[in-house]
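Below is one structure, written out as structure tokens, with a few remarks after it.
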Amino acid sequence: GQNDPMTLLAKQIGNLVLQLQHAPVPQINILAAQNRELNLVTYPDFSGGEQDPITWLEDVEKAFEANQVQDNHKIPVVVPHLKGTTSTWWVSIQAIRPAIDRWNDAHNQ
3 GQNDPMTLLA KQIGNLVLQL QHAPVPQINI LAAQNRELNL VTYPDFSGGE
53 QDPITWLEDV EKAFEANQVQ DNHKIPVVVP HLKGTTSTWW VSIQAIRPAI
103 DRWNDAHNQ
């Protein structure tokens with residue numbers, strides 16, 4: 003009959019199936035997952051002096067590529083790795099020039 007446990011269970015399952023069919027599809031942000039930066043390769047510090055800036059730039063570029071860093075995040079990622087006089091230089095450049103917020107702009111200074 004109408005009240006036997008199997009009939010009630012079948013109705014409940016039917017109702018759940020209907021609810022699932024009409025439920026909104028969950029939005030998974032695939033782009034965010036694809037754009038997530040990794041931390042596979044560490045960034046070398048740069049303190050100037052005898053350190054070769056070209057080698058440092060090449061190493062930083064390799065780290066950016068391995069870690070999938072987007073262009074607009076490269077400056078904030080690398081600035082903490084400027085040490086000593088190079089950090090002072092960066093602060094002074096930021097004070098006298100318009101904000102450098104793109105890696106290619108800073109790269110050409």
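Mapping of the sequence shown onto my numbering: position 47 corresponds to residue 49, and the numbering continues sequentially without gaps. Don't be surprised by glycine CBs; every beta carbon is placed ideally from N, CA and C.
Closest residue to residue i among the options (Cα-Cα distance)
i, options, result
"V43", "Q14, N74, V80, Q21", "V80"
"L59", "Q14, Q70, P46", "P46"
Contacts around residue i, its chain only, beta-carbon distance under 7 Å, and the 5 residues preceding and following it disregarded
i, result
"P26", "none"
"G86", "S49, G50"
"E67", "none"
"W92", "V81, L84"
Three-state secondary structure assigned by DSSP to residue i
i, result
"L20", "helix"
"L10", "helix"
Limits of the unbroken alpha helix (DSSP H) element including residue i
i, result
"E60", "55-69"
"A97", "87-98"
"H83", "It is not in any alpha helix (DSSP H) - H83 carries neither H nor E in the DSSP assignment."
Burial state of residue i (16 or more Cβ within 10 Å)
i, result
"A97", "exposed"
"V65", "As written in the sequence, residue 65 is Ala, which differs from the Val given in the question. By the 10 Å Cβ count, A65 comes out buried."
"V71", "buried"
"T57", "exposed"
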